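Everything below concerns the one structure shown next.
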Amino acid sequence: MVVHSQSGALDHSSLIKTCKPTAGVFNGIPVVNLRDPEAKSLIVQACSEYGFFKLVNHGVPMEFITKLETEALRFFNLPQSDKDKAGPPDPFGYGCKMIGSNGDVGWVEYLLLNTNPQITSHKTHTVFRENPEIFRSAVNEYIQAVKRMAFEVVELVADGLKIEPRDALSRLLRDDKSDSCFRLNHYPPCPELQALSGRNLIGFGEHTDPQIISVLRSNNTSGLQICLKDKTWVSVPPDQTSFFINVGDALQVMTNGRLRSVRHRVLADSKNSRLSMIYFGGPPLSEKIVPLPSLMAEGEESLYKEFTWSEYKTSAYKSKLADYRLGMFEKV
Ligand code: GA4
1 MVVHSQSGAL
11 DHSSLIKTCK
21 PTAGVFNGIP
31 VVNLRDPEAK
41 SLIVQACSEY
51 GFFKLVNHGV
61 PMEFITKLET
71 EALRFFNLPQ
81 SDKDKAGPPD
91 PFGYGCKMIG
101 SNGDVGWVEY
111 LLLNTNPQIT
121 SHKTHTVFRE
131 NPEIFRSAVN
141 EYIQAVKRMA
151 FEVVELVADG
161 LKIEPRDALS
171 RLLRDDKSDS
181 CFRLNHYPPC
191 PELQALSGRN
201 LIGFGEHTDP
211 QIISVLRSNN
221 TSGLQICLKD
231 KTWVSVPPDQ
241 TSFFINVGDA
251 LQVMTNGRLR
261 SVRHRVLADS
271 KNSRLSMIYF
281 GGPPLSEKIV
291 PLPSLMAEGE
301 ESLYKEFTWS
311 EYKTSAYKSK
321 LADYRLGMFE
331 KV
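Just so we're aligned, residue 1 is where the sequence shown starts under UniProt numbering, counting upward by one.
This is the structure:
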């Protein structure tokens, strides 16, 4: 179903997607304490069953999180004409409602940044004319801390799956040429939502993340939903003090399907705005995405054709958000 909307921070009239409210709140999301001696097996278990888990005791200082959140809100509260100066997202920069370049829309505005500091500084200069240094340092200190935690998480994945060497995954994220990005998503409240006779408004449509791993932090507004193995959608209770970790397509391939790239989406709220910040850890463009040899059992064959991250990205950017992107790389 599509509706026209003319109000809210996403100001111009446009077509917005809705869906039936079928998902219930799920209290079974696995919770992993990063300092738990059992963390490696709990992570592998969670990533095989859900491709998703909540991380606590993560070591990222709350101060970095709130500082960046404040700066992000300062930006999203600017007049539309000022925000538009930081767009369009090509793919980096400010975007409003349009996601990617193949006609996907959502009730969302966002900033997409490269995690390479030089590129970040170029864009943030346009974004934060008045005081680019404050935003730049807030982004950099946050990303640095989140990356460090993400390296640890993928090393625990390697330990849990007995992958050798244990930096087989983390070295890809640590690489200077790692093709990683960072996204700030703002979902303004949509007051018209109540008039939609019980339907839900899609903030960010269903998709899987193409990269190795995604690390998400959001404020306390709900909206995130994940798709379980049996294809039912469930709502993830928000927790602003924790991080949520997603397995991406590349990690599914590198583990030959042992870990599952999770389909997820975000619904908008009628009263509360949602702010999320996501680090997408990807490999260098030239990296071959193949199952890690040390993980393969004797005689086990790859479920996927060989491809480089650059080839996968090119094909992903030609796709629509909800497409099953790994499909064309599966062996028949
Ligand atoms: C989904 C994960 C990340 O947000 C992202 C998205 C990207 C974009 O917004 O430009 C894509 C989407 C994401 C997958 C398919 C293509 C590309 C929009 C889209 C329709 C930054 C990414 O890497 O892939």
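The beta-carbon is built from N, C-alpha and C at its ideal position, and this holds for glycine as well.
Owing to the predicted nature of the structure, the values given are computational and were not obtained by experimental measurement.
Residues sharing a beta bridge with residue i, DSSP
{"i": "C181", "result": "N114, F280"}
{"i": "I289", "result": "F307"}
{"i": "K54", "result": "V31, F244"}
{"i": "E330", "result": "Y304"}
{"i": "G24", "result": "V234"}
Residue of the options minimising C-alpha distance to residue i
{"i": "Y324", "options": "S101, D159, P210", "result": "P210"}
{"i": "T115", "options": "N102, Y142, D90", "result": "Y142"}
{"i": "L169", "options": "G282, A46, G95, L326", "result": "G282"}
{"i": "A72", "options": "P132, T18, S180, I245", "result": "P132"}
{"i": "N219", "options": "V31, I134, S242", "result": "S242"}
{"i": "T308", "options": "L55, L224, A250", "result": "A250"}
{"i": "L156", "options": "K20, M98, P37", "result": "P37"}
{"i": "residue 338", "options": "F244, K97, T70, L184", "result": "Only positions 1 to 332 of the chain appear in this structure, which leaves residue 338 out of reach."}
{"i": "I212", "options": "S178, L224, K85, G24", "result": "S178"}
{"i": "G24", "options": "L224, Y312, E164", "result": "L224"}
{"i": "T66", "options": "A39, A138, V247", "result": "A138"}
{"i": "R217", "options": "K318, N246, P191", "result": "N246"}
Integer Cβ distance of residue i from residue j, believed to fall under 8 Å
{"i": "V253", "j": "I226", "result": "About 20 Å separates the two Cβ atoms, so there is no contact after all."}
{"i": "P238", "j": "T221", "result": "6 Å"}
{"i": "D104", "j": "K320", "result": "6 Å"}
{"i": "G205", "j": "G93", "result": "With 8 Å as the limit, G205 and G93 do not qualify as a contact, their Cβ atoms being about 20 Å apart."}
{"i": "I16", "j": "V32", "result": "Not a contact, Cβ separation roughly 35 Å."}
{"i": "L161", "j": "T314", "result": "Between T314 and L161 the Cβ distance is about 28 Å, and since that is not below 8 Å, they are no contact."}
{"i": "Y279", "j": "A150", "result": "6 Å"}
{"i": "L259", "j": "S48", "result": "6 Å"}
{"i": "P30", "j": "F53", "result": "4 Å"}
{"i": "E164", "j": "L34", "result": "With a Cβ gap of about 22 Å, E164 and L34 do not count as contacting."}
Exercise. Could you tell me whether the region 60-68 touches the region 257-269, where touching means 3 or more Cβ pairs closer than 8 Å?
Key: no
Practice problem: Scan the region 64-152 and note each continuous beta strand (DSSP E) run of 3 residues or more that stays entirely inside, going in chain order. | Solution: 93-99, 104-114
Practice problem: Mind the definition here: the region 162-180 touches the region 68-76 only if three or more C-beta pairs lie below 8 Å; say whether that holds. | Solution: no
Quiz item: Within the chosen definition, does the region 288-307 reach the region 271-280 through at least 3 CB pairs nearer than 8 Å?
Solution: Counting C-beta pairs closer than 8 Å gives fewer than three between the region 288-307 and the region 271-280, which falls short of the contact rule.
Exercise. Report the residue ranges of all beta strand (DSSP E) runs contained in full by the UniProt domain "Fe2OG dioxygenase" (177-283); include only those spanning at least 3 residues, in chain order.
Key: Counting only runs of 3 or more residues that sit fully inside the UniProt domain "Fe2OG dioxygenase" (177-283), the beta strand (DSSP E) segments are 181-187, 200-207, 213-218, 224-227, 233-235, 243-247, 264-267, 274-281, in chain order.
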